[in-house]
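Numbering follows the UniProt record's numbering, in which position 67 of the sequence shown is assigned residue number 67; successive positions increment by one, without gaps. All residues carry an ideal CB built from backbone N, CA and C; glycine is no exception. Note that the structure is a prediction, hence the values are computed from the model and not measured. Presented below is the structure to which this report refers.
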Amino acid sequence: MVQSETSMEKYKNLSDFLKKFFIPSYVLSPEDEPEAQISCTTAPENPILVFINSKSGGQLGAELILTYRTLLNDKQVFDLEVETPDKVLQRIYLNLERLKDDSLASKIRDKLKIIVAGGDGTAGWLLGVVSDLNLSNPPPIATVPLGTGNNLPFAFGWGKKNPGTDRSSVESFLGKVINAKEMKIDNWKILMRMKHPKEGSCDITLKLPHSLPRIFPSDQENMEGYHTYRGGFWNYFSLGMDAQVSYAFHSQRKLHPERFKNQLVNQSTYLKLSCTQGWFFASLFHPSSQNIAKLAKIQICDRNGQWNDLHIPQSIRSIVCLNLPSFSGGLNPWGTPNPKKQRDRSLTAPFVDDGLIEIVGFRNAWHGLILLSPNGHGTRLAQANRVRLEFKKGAAKHAYMRIDGEPWKQPLPSNDETVMVEISHHGQVNMLATQNCRSKSMYESSSIIRFSNDEDDSSVVENEEF
């Protein structure tokens, strides 16, 4: 019982502010007895579980862990390099079920919130785990920007700069958690099937993000003769040169992690790779066989279940299926179509909970830089409830893909092999958003949509290059 006594001694010495977040050890672990926590009779107003990727942000992740464990019960702060979130949450919720007749534990379960600190991939990992638990009252999630792009935190008002790790900075963040509002966002499932290769060419060296695992043979979505992978994303899926640059960046970071401990240095390296990969002069350095229209046949499904082929201009070398208004460090590729365009093309404003995903195309990096200008946006291709990509035989040996900041190099079909990627709506999850939130809900009467005076996307110049 030494740990329990130490935990409660810490609680007694905490400020009233920090007591609002403190969770007694017996609620977190069945090894601790409630009798030892009897002095903690008041339920915390904002009980939190903190998940931190200690390898994110250089040394910042490890420093944040130390600070949070100093301020709170160290049993409510978890290093994702030591223990995975699925195991942690399953253990805690099983214990909460065991304590369902305990008044304090029940109140904590009802009010529980989660803080996750890491890159977009780490945040997506937590969102996926919470979604898979199918909880009746899932905890809302706040995201600490601790990566390079930090698109998820930025979309919900948490900023995109790496945070301070001192006590004052952490307490300031906790204060924002208290005042944050809950917001539902769409969850998007991605399913990838690859036909078993006769000569073993398609699955031997494939290294996918941990958020896209291979399903078990007994799974109902498994098909005989295919390798099937299933995962989810909350911000974006991208295909093409932007993912290729991201893949080069991640590969270098794995080889030389000591060079990637500063956010500004990371962003500078990313820009250099964009140049060396030929993304700024794609028409000169990028094979035409890598144009999206030649790589894949893309179909989209509307809310009525009607499938249609999606026309992709020949100049498009990257497409993004976007759920949130934050991509590539906080840029909004879709923007807000003006009322005339909405009528003419049946487009809507980009809400994060409307069951629609926005599909945007880019020709090259110069095209992407348009996003920095007022009313700038990519080539708006469509909005859809489902998207299906079927990759053509022999178009190229591989393509680059990315979900929520996690890239991979995908082998493409040869001979009679096939690769199919399908994106579909898969429920919703709860996020915590600050007053600076950029995301908009279709149910918010206070949502103010500012329309842009942009040109019609339908007049895409097919042979326009830089």
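Consult DSSP for residue i and reduce its assignment to one of helix, strand or coil.
i: R438; result: coil
i: R388; result: strand
i: E83; result: coil
i: Y443; result: coil
i: F280; result: Residue confidence is low: F280 scores 49 on pLDDT, short of 50, so the model does not pin down where it sits. No coordinate-derived value is stated.
i: I316; result: coil
i: A395; result: coil
i: R98; result: helix
i: I65; result: helix
i: I92; result: helix
i: R109; result: helix
i: V245; result: helix
i: T70; result: helix
i: K12; result: helix
i: G427; result: strand
i: F327; result: strand
i: K20; result: coil
i: K409; result: strand
i: Q59; result: coil
i: A349; result: coil
i: A293; result: helix
i: L432; result: strand
i: L381; result: strand
i: L255; result: helix
i: L135; result: coil
i: S7; result: helix
Terminal residues of the continuous alpha helix (DSSP H) containing residue i?
i: W125; result: D120 to D132
i: Q342; result: P339 to R345
i: V27; result: S25 to L28
Which two residues bound the contiguous beta strand (DSSP E) that contains residue i?
i: I300; result: A296 to C301
i: A399; result: H398 to I403
i: F51; result: I48 to I52
i: N308; result: W307 to D309
i: V144; result: I141 to P145
i: E358; result: I357 to F362
Give me the Cβ distance between residue i and residue j, rounded to the nearest whole Å; I'm assuming they're in contact under 8 Å.
i: I312; j: L239; result: No, I312 and L239 are not in contact; Cβ-Cβ is about 11 Å, not under 8 Å.
i: R193; j: T228; result: 5 Å
i: D186; j: Q428; result: 6 Å
i: L206; j: N53; result: 24 Å between Cβ atoms; not a contact.
i: W188; j: F249; result: Not quite, the Cβ-Cβ distance comes to about 24 Å (not below 8 Å), so this is no contact.
i: L152; j: L89; result: The pair is not a contact, with the Cβ atoms about 19 Å apart (cut-off 8 Å).
i: P30; j: S7; result: No, P30 and S7 are not in contact; Cβ-Cβ is about 15 Å, not under 8 Å.
i: K20; j: N46; result: 5 Å
i: R303; j: R363; result: That pair is no contact at about 30 Å.
i: S211; j: W334; result: Going by Cβ atoms, the distance from S211 to W334 rounds to 23 Å, so no, they are not a contact pair.
i: D120; j: N150; result: 7 Å
i: A349; j: G157; result: Not quite, the Cβ-Cβ distance comes to about 18 Å (not below 8 Å), so this is no contact.
Would you call residue i buried or exposed, if buried means 16 or more other Cβ atoms sit within 10 Å of its Cβ?
i: F17; result: exposed
i: S39; result: Caution applies to S39, whose pLDDT of 49 falls short of 50 and renders its modelled position unreliable; the value that the coordinates give is listed next. By the 10 Å Cβ count, S39 comes out exposed.
i: N235; result: buried
i: residue 468; result: Residue 468 lies beyond the stretch modelled for the chain, which goes from 1 to 466, so this question has no answer here.
i: F216; result: exposed
i: E221; result: exposed
i: I48; result: buried
i: H196; result: exposed
i: I178; result: exposed
i: G405; result: buried
i: W408; result: buried
i: V352; result: buried
i: Y68; result: buried
i: D456; result: Summary for D456: the model assigns pLDDT 44, below 50, so the residue's position carries little reliability, and this model does not support an answer.
i: G305; result: exposed
i: V82; result: exposed
i: K100; result: exposed
i: N332; result: buried
Using a Cβ-Cβ distance cut-off of 9 Å, determine whether residue i contacts chain C.
i: T228; result: The question asks about chain C, but that chain is absent: this structure has only one protein chain.
Identify every run of the alpha helix (DSSP H) within the region 153-239, keeping only runs that are complete inside it and at least 4 residues long; order them along the chain.
Segments of the alpha helix (DSSP H) lying fully in the region 153-239: 167-179.
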